[in-house]
Amino acid sequence: MHYTSSECLKSVFSCEGRDLDCKTLELKLEEERVFTEYEQVPKKRANCALATASLPENTERNRFRDVVPYEENRVELVPNKENNTGYINASHIKVMIRGEEWHYIATQGPLASTCADFWQMVWEQGVNVIAMVTAEEEGGRSKSHRYWPKLGSKHNSATHGKFKVTTKFRTDSGCYATTGLKVKHLLSGQERTVWHLQYTDWPEQGCPEYVVGFLSYLEEIQSVRRHTNSMLDTSKSLNPPVVVHCSAGVGRTGVVILTELMISCLEHNEPMEVPHMLSELRHQRMLMVQTISQYKFVYQVLIQFLKNSRLI
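Counting from 1, one number per residue, gives the positions in the sequence shown under UniProt numbering.
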């Protein structure tokens, strides 16, 4: 392969730019500037409406009382007799990078009583990819009800409300598992494939030590998203959201979304404004990236990404 002189210059400048980005991030970590940066970002929007989330009939649908979606960008389900307000503790997250919209749904780990709502949301929003950043149980405490069937269970299937979910395969890749699910709408008979990507290496306390493993998980999300989007009807401008959840749907969920967005900024040579992006996320869901250790971890992953890309 031959490169023109302008391509060579561009390559040199992009390498130098990435070295500079890497040094800037490392310095912020070393000098503890990330702490001040993190503390200066408001944890939630001021005077935000929480009307539907606060209704008495919906309090039991919230895993935590103090983590609920803002009214204006909550995910609205088609109401039914079991859920007449169409409520689920989930928020649309939309961010533009270089003219491309990144769309996520940040949500809590389903409760036993909200699994049917969860699958209704997946179906109605046209979701193809679910990223789960927790175990079902950690330290003896429930983090997420198991809403998909285990391989080897009866018919590998489970029914939640109007949806039958069948596990087709599962592949373990060290720190994450990729599971293929078939979701059937029992009233229409329509079927869809949904990919379930569960990160399995997050410790009960703190953040993962194996940064490279987490980066490979993000790469898997991106790879599966690209694959599923390539299968969509190109005559329609579809941009299905990726569902991301942990337990509350703000801490680890925020880490996944913030890191992926910042990597996209790096790839498009956009400014490295991590606190600005965090502020934008918290404008759409309160408390995103819940702790300073999670925020530092985002920096560590970005540094590793830059080091990896420097080697290519």
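Even for Gly, the Cβ is constructed at its ideal location relative to N, Cα and C. None of the values given here were measured: they were computed from a predicted structure.
Practice task
Alpha carbon to alpha carbon, how far is residue 275 from residue 45? Give it in angstroms, no decimals.
Solution key: In the sequence shown, the residue the question calls residue 45 occupies position 45. In the sequence shown, the residue the question calls residue 275 occupies position 275. Residue 45 and residue 275: Cα-Cα distance of roughly 15 Å.
Exercise for the section: For residue 105, collect the residues of the same chain with a Cβ closer than 8 Å to its Cβ; drop the 5 residues on either side in sequence, then sort them by chain order. Expected result: Taking the first residue of the sequence shown as 1, we reach residue 105 at position 105. Counting only Cβ-Cβ distances below 8 Å, and skipping sequence neighbours, we find 75, 90, 91, 92, 93, 121, 125, 127, 241, 242, 243 and 244.
Problem - Three-pair Cβ contact test at 8 Å for the segment 183-192 versus the segment 157-170 - result: yes
Practice task
Tell me residue 169's beta-bridge partners as DSSP assigns them.
Solution key: Locating residue 169 in the sequence shown gives position 169, counting from the first residue. Residue 169 is bridged to 180.
Handout entry: Segment contact flag, the segment 224-233 with the segment 263-273, C-beta cutoff 8 Å, min 3 pairs
Key = no
Problem - Local conformation of residue 64 per DSSP, three classes - result: Here residue 64 refers to the residue found at position 64 when the sequence shown is read from its first residue. Note: residue 64 maps to coil in three-state DSSP.
Practice task
Could you tell me whether the Cβ atoms of residue 67 and residue 50 are closer together than 7 Å?
Solution key: Walking along the sequence shown from the start, residue 67 turns up at place 67. Walking along the sequence shown from the start, residue 50 turns up at place 50. No.
Practice task
With a threshold of 16 other CB atoms inside 10 Å of the CB of residue 3, please say whether the residue is buried or exposed.
Solution key: The sequence position of residue 3 within the sequence shown is 3, counting from 1. Only weak support is given to the placement of residue 3: the predicted model assigns it a pLDDT of 37, under 50, and the value that follows is read from those uncertain coordinates. With fewer than 16 Cβ atoms within 10 Å of its Cβ, residue 3 is classed as exposed.
Practice task
Could you tell me whether the segment 207-215 touches the segment 302-311, where touching means 3 or more Cβ pairs closer than 8 Å?
Solution key: yes
Practice task
Look at the alpha carbon of residue 145 and the alpha carbon of residue 115, and state the distance between them as a whole number of angstroms.
Solution key: One-based indexing of the sequence shown puts residue 145 at position 145. One-based indexing of the sequence shown puts residue 115 at position 115. The alpha-carbon atoms of residue 145 and residue 115 are separated by roughly 8 Å.
Problem - Straight-line gap, residue 10 to residue 174 (C-alpha atoms, nearest Å) - result: For the purposes of this step, residue 10 is identified with residue 10 of the sequence shown, where counting begins at 1. For the purposes of this step, residue 174 is identified with residue 174 of the sequence shown, where counting begins at 1. The predicted position of residue 10 is uncertain, since its pLDDT is 38 and thus under 50; no value can be drawn from it.
Handout entry: Pair within 7 Å by beta-carbon distance, residue 64 and residue 248
Key = What you label residue 64 is simply residue 64 of the sequence shown in a count that begins at 1. What you label residue 248 is simply residue 248 of the sequence shown in a count that begins at 1. Going by C-beta atoms, residue 64 is nearer than 7 Å to residue 248.
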